[in-house]
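A short write-up of the structure that comes next.
In our numbering, the protein residues as written are 11 to 117.
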């Protein structure tokens, strides 16, 4: 019984899943006109530039604070610990391969 479960697991989490995830990312990247690359300069400027809000603007936090709060809620601490574990076990090359595999899936 365990052999059958392991074979199914290796099949599901093997090439089909990799093709599905990367294929979906590439499809959306092309279909949306490379959105994650086109809007990156604007997003970085908006995030890291000093806030130019006037006195009448509502809100108490900057764009950067809103971004980091949203990322903490979305990503969670488990993924942060997962990256640290990957670096410890796989070395700094693990971060490079995480970035490479994430580029098509940013959308």
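Note that CB positions come from ideal geometry on N, CA and C, so glycine has one too.
Here the structure is a predicted model, which means the values were calculated and not measured.
**Prompt:** Beta carbon of residue 49, beta carbon of residue 74: below 8 Å?
**Reply:** When the beta-carbon positions are compared, residue 49 and residue 74 stay at least 8 Å from each other.
**Request:** Can you tell me which of the three DSSP states residue 44 falls into?
**Result:** coil
**Prompt:** Does the distance from the CB of residue 35 to the CB of residue 114 come in under 8 Å?
**Reply:** yes
**Asked** Residues in its own chain within less than 6 Å of residue 95 by CB, not counting five upstream and five downstream?
**Response** none
**Request:** Consult DSSP for residue 19 and reduce its assignment to one of helix, strand or coil.
**Result:** helix
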